[in-house]
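Asker: Residue numbers (the working numbering): 1427 to 1732.
Cβ coordinates follow ideal geometry from the N, Cα and C atoms, glycine included.
Values in this document were obtained by computation on a predicted structure and should not be read as measured data.
There's a structure below that I have some questions on.
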């Protein structure tokens, strides 16, 4: 899932072009903490004290989604919280417009802060939130899938998953080509997607499925060695540098060392789950995959020559 899908820019706003954000917030007035339930008031006061990013907007989400308040009061409180909790001006503008429109027309409104994100900081916040939801879902799927395995086999899978999570984090930080103001969000999303694919590999192995293409390890290893040497030489001449992006020869060398551990442990784990494929088969598959990853970096360097 891409960031554009996670955060579809949605503002029903635009029906009040004559009013500024400040004017709309002035019309709804300041929030009175006494208007909140004890639980929401406690969260609000804590947010005021902490002044943490989007913390007040998260309370707005809770208020808008609940059934504690009558519709008109709920919409008013939601709008007041949105007016207080903005981060980037554009985000606050569209969120206020949307909430203001629903408040004035007394229409049901469920506030989702990630629908209004325009900043790199906001994208990272929402990507991290979505990744956490994915993690919970993955854990449930994993536990359900391996419950029929022996205790020792379950532990092998769990150890491999933890190792893979660390590797994906390391690779996303040091080697993947995520630049720009939303680079953190892209890294978080990439790690989550790779964790999803890793679990899918485990589920496929348990089901007896196998990849269509199973490269010979010797051939795949030889190809990877050439690609790796070529990339390291080019990076030593000049690293990849862009806004919020740097990949050096040392970065790729570090990832490669971590990948060798990832490859060997993953191959042994998957082979133990599916008798149709050997450790050698999986080593060839994973080595060919690694070659494609490094080839993409070379392609990026070719396209971005100066």
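Is the distance from the Cβ of residue 1490 to the Cβ of residue 1535 below 8 Å?
Answerer: Yes, they are a contact pair.
Asker: Helix or strand or just coil, what does DSSP make of residue 1538?
Answerer: DSSP places residue 1538 in coil when its eight states are reduced to three.
Asker: Would DSSP call residue 1601 helix, strand or coil?
Answerer: Three-state result, residue 1601: coil.
Asker: Could you have a look at residue 1672 and say whether DSSP puts it in helix, strand or coil?
Answerer: DSSP places residue 1672 in strand when its eight states are reduced to three.
Asker: With residue 1663 as the anchor, note down where its alpha helix (DSSP H) starts and where it stops.
Answerer: Its alpha helix (DSSP H) spans residues 1643-1663.
Asker: What ranges does the alpha helix (DSSP H) occupy inside the stretch 1673-1720, keeping only unbroken runs of at least 4 residues that lie completely in it?
Answerer: Complete alpha helix (DSSP H) runs here, min 4: 1675-1699.
Asker: Alpha helix (DSSP H) containing residue 1528: first to last residue?
Answerer: Taken as a continuous stretch (DSSP letters only), the alpha helix (DSSP H) holding residue 1528 covers 1515-1531.
Asker: Have a look at the DSSP bridge pairing and note the partners of residue 1733.
Answerer: Limits of the chain in this structure are 1427 at one end and 1732 at the other, which puts residue 1733 out of reach.
Asker: Please list, in chain order, all residues of the same chain as residue 1660 whose beta carbon is under 8 Å from its beta carbon, the five residues on each side excluded.
Answerer: Closer than 8 Å at the Cβ level, and outside the excluded window around residue 1660, lie 1724, 1727.
Asker: Less than 8 Å between the CB atoms is what I'm expecting for residue 1622 and residue 1560, so what's the real figure, rounded?
Answerer: With a Cβ gap of about 7 Å, residue 1622 and residue 1560 count as contacting.
Asker: Per DSSP, what kind of secondary structure is residue 1614 in: helix, strand or coil?
Answerer: Correct three-state label for residue 1614: helix.
Asker: Comparing C-alpha positions only, which one of 1671, 1548, 1684, 1633 sits nearest to residue 1602?
Answerer: Residue 1602 has its Cα closest to that of 1671, out of 1671, 1548, 1684, 1633.
Asker: For the putative contact between residue 1682 and residue 1643, defined by C-beta atoms under 8 Å, what is the C-beta separation to the nearest angstrom?
Answerer: Contact doesn't hold; Cβ gap of about 17 Å is too wide.
Asker: Using the Cβ count rule (16 or more neighbours within 10 Å means buried), how would you classify residue 1655?
Answerer: Per the 10 Å Cβ criterion, exposed.
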